[in-house]
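Each remark here refers to the structure printed beneath this line.
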Amino acid sequence: MRNKRRSSIFSINFTTRRIKFRFTRKRLNKFMKIRSTKEWRETELRISAM
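In this text, residue positions in the sequence shown follow my numbering: the first is 114, and each later residue adds one.
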């Protein structure tokens, strides 16, 4: 019972991490073209906040 619970929590964390990664990657690709330090810093802050 305990192990099952643990695994479910782990899977949830894993899926959320994947979603986060995908989202941040899209964001990074968008801002890679701009390359202005201010914009880049803003995106970094957003990513860290997530």
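Ideal Cβ placement from N, Cα and C applies to all residues, glycine included.
Quick one: is residue i near chain D, going by C-beta distance under 8 Å?
{"i": "R154", "result": "You won't find chain D in this structure, because it holds only one protein chain."}
For the putative contact between residue i and residue j, defined by C-beta atoms under 8 Å, what is the C-beta separation to the nearest angstrom?
{"i": "T156", "j": "L141", "result": "7 Å"}
Could you give the distance in angstroms between the alpha-carbon of residue i and the alpha-carbon of residue j?
{"i": "S161", "j": "T137", "result": "10 Å"}
{"i": "L171", "j": "S121", "result": "This structure cannot settle anything about residue 171, because the visible part of the chain is limited to 114 through 163."}
{"i": "K168", "j": "K151", "result": "Residue 168 falls outside the range modelled here, since the chain spans only 114 to 163, and no answer is possible."}
{"i": "R131", "j": "S124", "result": "11 Å"}
{"i": "N126", "j": "R154", "result": "27 Å"}
{"i": "R135", "j": "K143", "result": "13 Å"}
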